[in-house]
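Quick notes on the structure that follows.
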Amino acid sequence: MEILVSYFTTKFDLMKEHWAKHSALKDKEVMGTNKAFDQDLGGLVRRIDWSTKKVISDYDIKVPTGITKGFGKTFIVSEENKILVFANDFELEGIITSPLLNCTHSISVTDKGLLCASTGLDALVELDLNSNILFEWFATENGYDTAPQGVKREIDKKKDHRNVTYTTLEQTTHVNSAIKVGDYLLATFFHQGYLVKINTWDSSHEVVLQGLKNPHSIYPYKEGFMLSDTSHNQVCILDKNYKIIIEVRNQFNWVQDAVPFGNNFLIADSNNHRIVEINEAGKILDEYRFSEKLKIYQILAV
Numbered sequence: 002m003e004i005l006v007s008y009f010t011t012k013f014d015l016m017k018e019h020w021a022k023h024s025a026l027k028d029k030e031v032m033g034t035n036k037a038f039d040q041d042l043g044g045l046v047r048r049i050d051w052s053t054k055k056v057i058s059d060y061d062i063k064v065p066t067g068i069t070k071g072f073g074k075t076f077i078v079s080e081e082n083k084i085l086v087f088a089n090d091f092e093l094e095g096i097i098t099s100p101l102l103n104c105t106h107s108i109s110v111t112d113k114g115l116l117c118a119s120t121g122l123d124a125l126v127e128l129d130l131n132s133n134i135l136f137e138w139f140a141t142e143n144g145y146d147t148a149p150q151g152v153k154r155e156i157d158k159k160k161d162h163r164n165v166t167y168t169t170l171e172q173t174t175h176v177n178s179a180i181k182v183g184d185y186l187l188a189t190f191f192h193q194g195y196l197v198k199i200n201t202w203d204s205s206h207e208v209v210l211q212g213l214k215n216p217h218s219i220y221p222y223k224e225g226f227m228l229s230d231t232s233h234n235q236v237c238i239l240d241k242n243y244k245i246i247i248e249v250r251n252q253f254n255w256v257q258d259a260v261p262f263g264n265n266f267l268i269a270d271s272n273n274h275r276i277v278e279i280n281e282a283g284k285i286l287d288e289y290r291f292s293e294k295l296k297i298y299q300i301l302a303v
C-alpha cells in the first residue's frame, strides 16, 4: 500500500533552535513560542510504497500540513492559508481558501466540503469546494478567550487573516484537528489537553475527554475514535462515549499523527524521525526512517 506524508518543514534543525530560544512558558510546561519563525520553512510531500519503503515521488509544497482525500480529489494544506486540490494523477487543479484560514493545521472531509482547523484563529471553518463558508466556530466566542500568557483575545472576523502571523502563545486553544460526526464536531484543543464536542446547530460545546497533553489528530476508528496524545507519547483508542479503552505505547517521542492502517496503525513518531506500523498491543511491526531535517505532520494511506 502507498502512503502520502506531509513534512511541514525541511529545516527542522533551524526550527528547533527557534523553539529553544522563544518558548517563553517552557518552565511551566506550556508548549509554544511567542515569536514567529521568520525564515523559509521549505516543505515536502512524499509518496512512499510502504511494503518496500521506497520513495515513489517527492513534491515540493510549501509548508504542507493537513492532507485528506474525498470527492475524487486529494487536498493538501499549503503555506497555512490555502488548500491545494489535486486530481488523482497529482495534477494541481484548484485552490480552496478563505480570509478565515490562518495557520491551518488539519482538514477533514464532510458531506459538503472540508472542515478546517484554522489554528491561528482558534477556529473551525467548514468550506465547500468553491471556498464558500458553510459553518464557523470560534473558541474565543465560546469561553476560550484567554491565551496562555493571560492576554484576552478577540477575533475580527471581517479581516483577511491569511497573511497574518499569530504565534502559538497568542492562541487560546491551538485547536489543531477536527472531524464531523453527524451534527457534531470533535476537536482537539492543544493548550488545554481536551477533546471537545461541538453542536453545529447551536454552537454549544462540552469537554468529553480531558487529561491529554498537546493532543492532535482525531479520527473515527471502529465503533469509536482514536487520537494522538502527543506529549504523553501515546495513541488513545476511544469507545463511542469517548472513554479511553486502549493506550498504544512504545518508545515514542512526540506522536504527531496516528492513522488506521489495515488491522494496525501508522504512527508519526516525530522526534524519532520515523513512521512506525504498530498493533493495538504496542508491538512495532515495521518502520520507515526519514531525515532529521524533516518535521512530519500527517500520514494519509492512499
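Throughout, the numbering used here is defined as the position within the sequence shown, counted from one, plus 1. C-beta: ideal position from N, C-alpha, C; glycine also.
| Query | Result |
| --- | --- |
| Cβ separation of Y60 and I297, assumed to be a contact under 8 angstroms, to the nearest whole Å | 15 angstroms between Cβ atoms; not a contact. |
| Pair within 9 angstroms by beta-carbon distance, T141 and E155 | yes |
| Contact under 9 angstroms by Cβ, I62 with Y289 | no |
| Touch test, the region 222-240 against the region 255-265, Cβ-Cβ under 8 angstroms, three pairs minimum | yes |
| Ordered list of beta strand (DSSP E) runs contained in the region 146-200, each at least 3 residues | 176-182, 185-190 and 195-200 |
| Assumed close pair A269, I276 - CB separation to whole angstroms, cut-off 8 angstroms | 6 angstroms |
| Whether W138 touches L186 by CB criterion (9 angstroms) | yes |
| Straight-line gap, F76 to V176 (C-alpha atoms, nearest Å) | 20 angstroms |
| Range covered by the beta strand (DSSP E) that runs through E288 | I285 to R290 |
| Integer-rounded CB distance, given that L135 should sit under 8 angstroms from G338 | Not covered by the structure: residue 338. The range shown for the chain is 2 to 303. |
| Top-ranked residue by Cα proximity to L125, from A188, I4, S229 and I300 | A188 |
| Bridge partners - D50, DSSP secondary structure assignment | E3 and K55 |
| Short Cβ contact (9 angstroms threshold) for L45 with P65 | yes |
| C-beta atoms of L101 and S79 nearer than 9 angstroms | no |
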